[in-house]
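Numbering (UniProt numbering), first residue to last: 1 to 112. Here's the structure, in structure tokens; my notes come after.
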Amino acid sequence: MKIFYDEAGRIRSWASQGETPAGLHVAEIPDGIDPLGLGYVDGELVELPPEPEALAREARARRAALLAASDWTQVADAPVESSAWAAYRQALRDIPDQPGFPENINWPAKPE
């Protein structure tokens with residue numbers, strides 16, 4: 001099987017035959033290997049860390065889920081300390097502004 005990878009070694013596609021896409025390099029790997037999530041560096045298949053864009057998408061999806069799960073806390077008659085929940089929700093919204101985003105995220109603690 002042929003893999004097509006970029007300068008960083010990230011495998012962008014694979015096929016049993018075909019032309020090399022523009023801007024990519026080609027290498028042959030044994031059949032039966034699933035290259036999904038792997039890279040090709042110095043002639044070896046290796047695990048690469050996720051791309052920052054993928055980490056950011058995952059973090060934003062988690063943040064959206066946490067916000068949605070806490071929407072109920074902001075209604076007027078919710079039996080919770082609304083200011084603590086409001087601060088938590090604001091901290092969730094501020095996550096993309098953290099200096100380490102998306103690799104190092106300090107997730108806020110949910111109020112009790």
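Backbone N, C-alpha and C fix where the C-beta goes; we use that ideal spot for every residue, glycine too.
Report the three-state DSSP secondary structure of residue i (helix, strand or coil).
i: Ser13; result: strand
i: Ile95; result: helix
i: Leu66; result: helix
Got a sec, what are the start and stop residues for the alpha helix (DSSP H) residue i sits in?
i: Glu51; result: No alpha helix (DSSP H) contains Glu51, which DSSP labels as neither H nor E.
Going by the C-beta, is residue i closer than 8 Å to any heavy atom of the ligand ATP?
i: Ala15; result: The ligand content of the structure shown is nil, which means the ligand ATP is not present either.
Within 10 angstroms of its Cβ, does residue i collect 16 or more other Cβ (buried), or is it exposed?
i: Ile11; result: buried
i: Arg89; result: buried
i: Leu36; result: exposed
Looking at the unbroken beta strand (DSSP E) that takes in residue i, where does it start and where does it end?
i: Leu45; result: Glu44 to Glu47
i: Glu28; result: His25 to Glu28
i: Lys2; result: Lys2 to Tyr5
Could you please give me the residues that DSSP links to residue i through a beta bridge?
i: Leu38; result: Glu47
> Is the segment 27 to 41 in contact with the segment 51 to 70, if contact means three or more CB pairs nearer than 8 Å?
Replying inline: With a cut-off of 8 Å, the segment 51 to 70 and the segment 27 to 41 do not count as touching, because too few Cβ pairs lie within range.
> Counting pairs of Cβ atoms below 8 Å between the segment 3 to 19 and the segment 39 to 52, do you hit three or more?
Replying inline: Judged by Cβ distances under 8 Å, the segment 3 to 19 makes contact with the segment 39 to 52, as three or more pairs qualify.
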